[in-house]
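Below is one structure; the comments refer to it alone.
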Amino acid sequence: MKIEGKEYRTIWFDDNSQTVKIIDQTKLPHQFIIKDLKTVKEAINAIKIMEVRGAPLIGGTAAYGIALAVKENNDPNFIKKSSEDLIQSRPTAINLKWAIERMMKKLSGINSKDILKVALKEANDICDEDEKFCENIGLNGLKIIEDIYNKKKDTVNILTHCNAGWLATINWGTATSPIYHAHKKGIPVHVWVDETRPRNQGANLTSYELNEEEVLNTIIADNTGGILMQRGDVDVCIVGTDRTLSTGDVCNKIGTYLKALAAHDNKVPFYVALPSSTIDWDIKDFKDIPIEKRNPEELSHLEGLDENNDIKKVLIYPKKSKALNLAFDVTPAKYITGLITEKGICEASSDALKKMFS
Ligand code: MRU
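If you count the sequence shown from 1, position 159 lands on 160 in this note's numbering, and the numbers rise without skipping.
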């Protein structure tokens, strides 16, 4: 998708510099900086400090992280240790484990002469596949927006949470892909963007990328969705996910669950968009999902531009207050109207998911 009119993917391998290039998302929306990752350690750090984030992009970065490890030292013990360190970089998004396991499987038994070429190709294939899947999610989800527009004959208002946009994937996004497809088709759409405290991925990333693609959007405080739904100002909610269980329960950015409850109470359809790499086929009970607990400083401090256009961080809480920063919650399947996947739209249930992906 575009930034200042130029097409980008969120991550790529640059043949000239022999480095992995990323867009540093900690600096957006105020600064657009492309950063080099030269080592697996740098890839791990980029995931940890969220220079790259969003489940599919975390997976893509981990895949390139393995390739960087191979480039540094193709000793199997080093590659294995690197894969274990990468897996620890963030706990909740299942795409991380999925991508690392796929890379390690591909590399097993490959001789040292070919291993770097194979690793780079597999990382690239993982990213190409994610882009294609997200495009298909968009084409499948487009039908939902089209149906609403055909009945309403007026702008379709979509509410989304966090950033499940192209910046969270390789391209297109998951939740945003149907929106971009509708916009490209000329269907009038407007997006209510949940600010998404504490890191403000909605305001900083979703609104930013929608602006760059000229999609109408309005940032709202996280608690505003309820009243908008009561007033009939939301036609549909579409969100992403970091881990969807085979039961249809969906783990996503903290606050998603409350939006789903409000949608259920107001009979607003609530869809979750995901590539199959985000499905966890092993865990059955959502209480077993590892929920990331992040630094309370993300709550107590805010970052923004000061009067000199410099990025500044300020404390907004009482100095003595404690804060709890859980990064994700789980929306039970019963509140989900449907899952929009690369293969089609299905019910959030184990039978439907099994049927779709068997
Ligand atoms: O903590 P983040 O910014 O990595 O969380 C991202 C989300 O919760 C997204 O909704 C999810 O990863 C889906 S991305 C297509």
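Idealized CB from N, CA, C, for every residue including glycine. No experiment lies behind these values; they were computed from the predicted model shown.
- Which first and last residues belong to the beta strand (DSSP E) in which Glu304 is found? 302 to 306
- Task: Please work out which residues of its chain come closer than 8 Å, Cβ to Cβ, to Gly60, disregarding the five sequence neighbours upstream and downstream, and give them in chain order.
- Result: Ala94, Asn96, Leu97, Trp99, Ala100, Ile127, Asp131, Ser278
- With a Cβ-Cβ cutoff of 8 Å, do Asp223 and Gly256 count as a contact? A Cβ-Cβ contact shorter than 8 Å links Asp223 with Gly256.
- Return the residue from the list Asn172, Leu206, Thr207, Val157 that minimises the CA-CA distance to Ala183. Val157
- Item | Distance, Ile188 Cα to Ala1 Cα | The structure shown does not extend to residue 1, since the chain is modelled only from 2 through 359, so no value can be given for it.
- Nearest-angstrom beta carbon gap, Val251 and Thr175 [assumed within contact, 8 Å]: The pair is not a contact, with the Cβ atoms about 12 Å apart (cut-off 8 Å).
- Item | Separation of Leu29 from Leu306, as counted between CA atoms | 11 Å
- Message: Buried or exposed, going by whether 16 or more other CB atoms sit within 10 Å of the CB of Lys254?
- Response: buried
- Item | 8 Å Cβ shell around Lys294 - same chain, five flanking residues per side excluded | Leu325, Asn326, Leu327, Ala328
- Query: Looking at the structure shown, is Arg103 part of a helix, part of a strand, or coil, going by DSSP?
  - Reply: helix
- Task: For Val53, I'd like the list of residues in its chain whose CB is within less than 6 Å of its CB, leaving aside the five on either flank, ordered along the chain.
- Result: Closer than 6 Å at Cβ, skipping near neighbours: Ile23, Ala47, Thr62.
- Message: For a test of the three-state rule: what should DSSP assign to Lys98, helix, strand or coil?
- Response: helix
- Query: Can Thr248 and Ala334 be called in contact, C-beta distance under 8 Å?
  - Reply: In this structure, Ala334 lies closer than 8 Å to Thr248 by Cβ.
- Message: Can you look up Asn151 in the DSSP assignment and give me helix, strand or coil?
- Response: helix
- Task: Helix, strand or coil for Lys294, going by three-state DSSP, please let me know.
- Result: strand
- Task: Identify which residue in Ala349, Ile111, His302, Ser109 has its Cα closest to the Cα of Thr338.
- Result: The residue among Ala349, Ile111, His302, Ser109 with its C-alpha nearest the C-alpha of Thr338 is Ala349.
- Query: Under the DSSP definition of a beta bridge, which residues are partnered with Thr1?
  - Reply: Given that the chain is displayed from residue 2 to residue 359, the structure contains no residue 1 and the question cannot be resolved.
- Candidates Leu354, Asn151, Gln26, Asp15: which alpha carbon is nearest Thr207's? Gln26
- Task: Hey, could you find the ends of the beta strand (DSSP E) Phe14 is sitting in?
- Result: Taken as a continuous stretch (DSSP letters only), the beta strand (DSSP E) holding Phe14 covers 12 to 15.
- Message: With distance defined between alpha-carbon atoms, name the residue in Glu214, Asp266, Asn78, Ser18 nearest to Ile180.
- Response: Glu214
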